[in-house]
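Data first, discussion second: the structure below is written as structure tokens.
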């Protein structure tokens, strides 16, 4: 009898929890058409964009390149969080919190990818500080995983208190990466932004995506701090989703690290730099050298130390107008 009473009490508490979850203030926004439409649009845009970018990544990635695999994983981890609007109560809060785990992992992975792409342009102390601080903020993300579950299942309001701090633990590395990338273009490669965009539109799209991601980051901060209160449906914030979409687009547009991509562009625009990097034989290495007649595009140099053949490399270089 006592066990039966205990079971009945447990069932009653469960039904009470479900009842509170269904009629509580934190729930699927079915009673606010504006909020429902905006949230569904933002989630659909995010999920659809991530699927398309994942397909493009698979089509362009090279076998055995870790960076390409990490970019694909970043996209896949976040996809499910663009579908929780379709889940009815009482599973809504559970599903939202579960998919948020993948999203948070994707955010941390994005910072790791930014470190790998930017690493060739950072000194060792800066590089260690960059990756070290990414590791140090992981306890905050563990706390936010719990806060998501507790908030969207009406357990406590911790999420309300820590959500305004989210950008501080998520985006400083991305802002640094964007600024450093622009600085490297102008100083290390002697290229103007306009010239770079004209010669390689892909870099222009990436720079535009970087700027848009930062703009939507600022709007996200304004939204969670209450500055935009009254201009948006209560509890709905599409700005972080738009920010995330453009950050992922930057990773997808150029899969390789920034140095590899910029070096390839430089060699294409200024092919004479390739010859400058090839160190010819010094004159004292070839005493009493004589040059034979060219044969099929080659010149034969004979000396007391042997002979070598030099191809007409300049004939293989496309002429610039």
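Residue numbers (this note's numbering): 540 to 860.
Cβ atoms here follow ideal geometry from the backbone N, Cα and C, with glycine treated the same way.
As the structure is a prediction and not an experimental result, all values here were calculated from the model.
Distance from the CA atom of residue 609 to the CA atom of residue 595, rounded to whole angstroms, is 14 Å. In the same chain as residue 613, and ignoring 5 residues on each side of it, the C-beta atoms closer than 6 Å to its own belong to 645, 648, 649, in chain order. Nearest neighbour of residue 635 by Cα position, chosen from 730, 687, 578, turns out to be 687. Shown here, residue 585 sits in a helix according to DSSP, grouped into three states. Secondary structure in the stretch 571-622: the alpha helix (DSSP H) runs of 4 residues or longer, each lying completely within the stretch, are 572-599, 605-618 in chain order. Here DSSP, grouped into helix, strand and coil, assigns residue 771 to strand. Leaving aside the five residues that flank residue 780 on each side, the residues in its chain whose CB is nearer than 6 Å to its CB run, in chain order, 581, 585. Closest in alpha carbon position to residue 599, among 619, 806, 790, is 790. In this structure, DSSP gives residue 735 a helical state, which the three-state scheme calls helix. Counting only the Cα atoms, residue 741 lies some 33 Å from residue 704. Boundaries of the alpha helix (DSSP H) harbouring residue 650: 630-657, taken from the DSSP string. Rounded to the nearest whole angstrom, the C-alpha separation of residue 690 and residue 673 is 25 Å.
Taking a cut-off of 8 Å for Cβ pairs, the stretch 622-638 and the stretch 797-808 do not touch, as fewer than three such pairs fall below it.
Where residue 723 is concerned, the enclosing alpha helix (DSSP H) starts and stops at 711-726. Remark: fewer than three beta-carbon pairs, one from each stretch, lie closer than 8 Å, so the stretch 718-727 and the stretch 767-777 are not flagged as touching.
Straight-line measurement puts the Cα of residue 619 at about 8 Å from the Cα of residue 641.
Residue 675 and residue 794 do not touch by the CB rule: their CB atoms are close to 28 Å apart, not below 8 Å.
A straight-line Cα-Cα distance of about 49 Å links residue 693 and residue 736. Going by DSSP, residue 745 is part of the alpha helix (DSSP H) stretching over 740-763.
Looking from the CA of residue 575, the closest CA among 622, 593, 591, 786 belongs to 622.
For residue 729 and residue 683, the gap between their C-alpha atoms comes out near 43 Å.
A distance below 8 Å separates the beta carbons of residue 786 and residue 713.
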